[in-house]
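Asker: One structure, as structure tokens, below. Some questions next.
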Amino acid sequence: MDAPRLFGRFTGLAALHAFLGLQAYALLVVALTGIVRIFQAKRAADLYRDPDPDADIGELHENMSGWRRRLRVGVFGYLILWILAYLVGIYRFLMDYVF
Numbered sequence: 001m002d003a004p005r006l007f008g009r010f011t012g013l014a015a016l017h018a019f020l021g022l023q024a025y026a027l028l029v030v031a032l033t034g035i036v037r038i039f040q041a042k043r044a045a046d047l048y049r050d051p052d053p054d055a056d057i058g059e060l061h062e063n064m065s066g067w068r069r070r071l072r073v074g075v076f077g078y079l080i081l082w083i084l085a086y087l088v089g090i091y092r093f094l095m096d097y098v099f
């Protein structure tokens, strides 16, 4: 019986690809924790049923700036790391099956 090929496929690029992908999804979770808090604050201020175009979202809660920063960092970090993981995956595919 032959040894499984799975262990032979774990290379440095595979580890980098997995690391970047996991970090991307970790930052997506960070972004989701920010957006959930923003939704809760907007719901508590009743801005979904009675929208006020003059309302300043930053004044809804004392932690709103932190939640918005968390959302921005999470989304941009997710996008950057996901694109890097995608590019590493494309490179791995090209090296394994084309060249």
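Under full-length UniProt numbering, the first residue of the sequence shown is numbered 1, with each subsequent residue one higher. All C-beta atoms in this analysis are idealised placements derived from N, C-alpha and C, irrespective of residue type, glycine included.
Roughly how many angstroms lie between the CA atoms of residue 76 and residue 31, to the nearest whole one?
Answerer: Numbered from 1 along the sequence shown, position 76 holds the residue referred to as residue 76. Numbered from 1 along the sequence shown, position 31 holds the residue referred to as residue 31. Residue 76 and residue 31: Cα-Cα distance of roughly 9 Å.
Asker: Is the beta carbon of residue 84 closer than 9 Å to that of residue 20?
Answerer: On the sequence shown, position 20 is the one that residue 20 refers to. On the sequence shown, position 84 is the one that residue 84 refers to. It is a contact, given that the beta carbons lie within the stated cut-off.
Asker: Does the Cβ-Cβ distance between residue 15 and residue 92 come in under 9 Å?
Answerer: Here residue 15 refers to the residue found at position 15 when the sequence shown is read from its first residue. Here residue 92 refers to the residue found at position 92 when the sequence shown is read from its first residue. The answer is no: Cβ separation not under 9 Å.
Asker: Three or more C-beta pairs under 8 Å: does that hold for the segment 3–12 against the segment 59–75?
Answerer: no
Asker: State the CB to CB distance for the pair residue 24 and residue 87, rounded to an integer number of angstroms; the pair is presumed to be in contact (CB under 8 Å).
Answerer: The residue given as residue 24 occupies position 24 in the sequence shown. The residue given as residue 87 occupies position 87 in the sequence shown. About 12 Å; that fails the 8 Å criterion.
Asker: Quick one: is residue 98 near chain D, going by C-beta distance under 9 Å?
Answerer: The displayed structure is made up of one protein chain only, and chain D is not part of it.
Asker: Looking at the secondary structure, which residues open and close the alpha helix (DSSP H) in which residue 91 lies?
Answerer: For the purposes of this step, residue 91 is taken as the residue at position 91 of the sequence shown. Segment 64–93, the alpha helix (DSSP H) holding residue 91.
Asker: Counting only the same chain and skipping the five closest in sequence on each side, list residues whose C-beta sits under 7 Å from that of residue 47.
Answerer: As a working note, residue 47 is residue 47 in the sequence shown. Cβ within range, chain order: 55.
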